[in-house]
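Engineer: In the working numbering, the protein residues as written are 197 to 545.
1) Assign residue 364 to one of two classes, buried (16 or more other C-beta atoms within 10 Å of its C-beta) or exposed (fewer than that).
2) Three Cβ pairs or more, each shorter than 8 angstroms: is that satisfied between the region 372-379 and the region 465-476?
3) On the DSSP letters alone, give me the boundaries of the beta strand (DSSP E) that residue 195 sits inside.
4) How many Å lie between residue 219 and residue 245 at the Cα?
5) Which residues in the same chain have their Cβ closer than 6 angstroms to the Cβ of residue 386, if we skip the five residues on either side of it in sequence?
6) Look at residue 388 and residue 351 and say whether their C-beta atoms are less than 8 angstroms apart.
7) In the DSSP assignment, what are the bridge partners of residue 463?
8) Grab the span of the alpha helix (DSSP H) containing residue 404 for me, first residue to last.
9) So the candidates are 418, 393, 414; which of them puts its Cα closest to the Cα of residue 408?
10) Within the region 271-331, note down every full beta strand (DSSP E) run reaching 3 residues or more, in order along the chain.
11) Is the distance from the Cβ of residue 451 to the Cβ of residue 405 below 8 angstroms?
12) Taking the alpha carbon of residue 502 as the reference point, which residue from 449, 443, 381 has its own alpha carbon closest?
13) Checking the sheet assignment: what are the DSSP bridge partners for residue 427?
14) Going by DSSP in three states, residue 366 sits in which element: helix, strand or coil?
Here's what the structure looks like:
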């Protein structure tokens, strides 16, 4: 519960930072039967610090009322912050620690908890603007040094009442999926896009701000290989940023790269209108999506949420997160695998 007098989160089950023992950063998890988050450091990299952060806050209540309105009993936050650059771990850590308190304070201050005073359009516009402002505020709070030498993505899903709000900046992704508990079929009604420099709207904004976008020629993949190029004052050379929206990365903010996320709203009832359908959301860093399709990821995680056993053995959400990361980890220890975070949450209807 958010206590605006004290300014912290109370009574929330939240986990983000990694534990450190000696020189080793341990994989971090947070789990129950209905949700889980797991983050593991990359393989074959000199810098052993995991720059990813995963976030789950459940239940997410913005006031100190013991009994929120029925439609808010199951509100939650789930998200991914994937750091990059020398100080990417510091940027992602700041983002994951600040997001929930800022959102709780903002929703309280704009009054969206008093729902009888708002119609759907008012509330939608208020929450969308609130989410955009929080990303920008987190960006503005960074120390100049951390912002200069690091950045992070942000991909967050907020359940607020009867809606899911998706806020995304960068190339991490979040999606909502449905699982037919009779046929075991998976559908993905909505997934956030990866904000890449080659996208026409992103490329146009950056170039209008004086930036330069490198888009490779075929057969190279423009989604994976396009970059926003700046001449770095700290590195004394040209450096490319692989995304068009990011928190931090202050050397790119002057050429059209922004921390403002794209925000979308999904009505839960619109995807719960079929019989036998269960709903869940997933948020993960690009290291997972680069290796497996959203449909494959959803299938692995759904089995742990809705199928009591697989081959006679129970598989819990945390185990499913671990298994999907292991699935994309090369057997050869000399081959590279990026930091990976994956989080999953059931959506109660």
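In this text, a Cβ means the ideal position worked out from N, Cα and C, and glycines have one as well.
Structural biologist: In terms of the structure at hand:
1) By 1-based counting over the chain shown, the position of residue 364 is 168. The residue in question, residue 364, is buried, as its Cβ has 16 or more Cβ neighbours within 10 Å.
2) yes
3) Residue 195 cannot be examined here, being either before or after the span of the chain that is shown, 197 to 545.
4) Here residue 219 is taken as the residue at index 23 of the chain shown, counted from 1. Here residue 245 is taken as the residue at index 49 of the chain shown, counted from 1. A caution first: residue 219 carries a pLDDT of 35, below 50, which makes its placement in the model unreliable, though a value can still be read off. Their Cα atoms are separated by approximately 9 angstroms.
5) Translated into positions along the chain shown, residue 386 becomes position 190. Hits under 6 angstroms: 372, 462.
6) For the purposes of this step, residue 388 is taken as residue 192 along the chain shown, with counting starting at 1. For the purposes of this step, residue 351 is taken as residue 155 along the chain shown, with counting starting at 1. In this structure, residue 351 lies closer than 8 angstroms to residue 388 by Cβ.
7) Working through the chain shown from its first residue, we reach residue 463 at position 267. DSSP, once it has assigned bridges, lists 359 as partnering residue 463.
8) Within the chain shown, numbered from 1, the residue matching residue 404 stands at position 208. Its alpha helix (DSSP H) spans residues 396-404.
9) For this step, residue 408 is matched to residue 212 along the chain shown. For residue 408, the nearest C-alpha among the options comes from 393.
10) 272-281
11) By one-based count along the chain shown, residue 451 stands at place 255. By one-based count along the chain shown, residue 405 stands at place 209. Yes, Cβ-Cβ distance for residue 451 and residue 405 is below 8 angstroms.
12) Position 306 of the chain shown, counting from 1, holds the residue named residue 502. The shortest C-alpha separation from residue 502 is found at 381.
13) Walking along the chain shown from the start, residue 427 turns up at place 231. 434.
14) By 1-based counting over the chain shown, the position of residue 366 is 170. Residue 366: coil per DSSP, three-state reduction.
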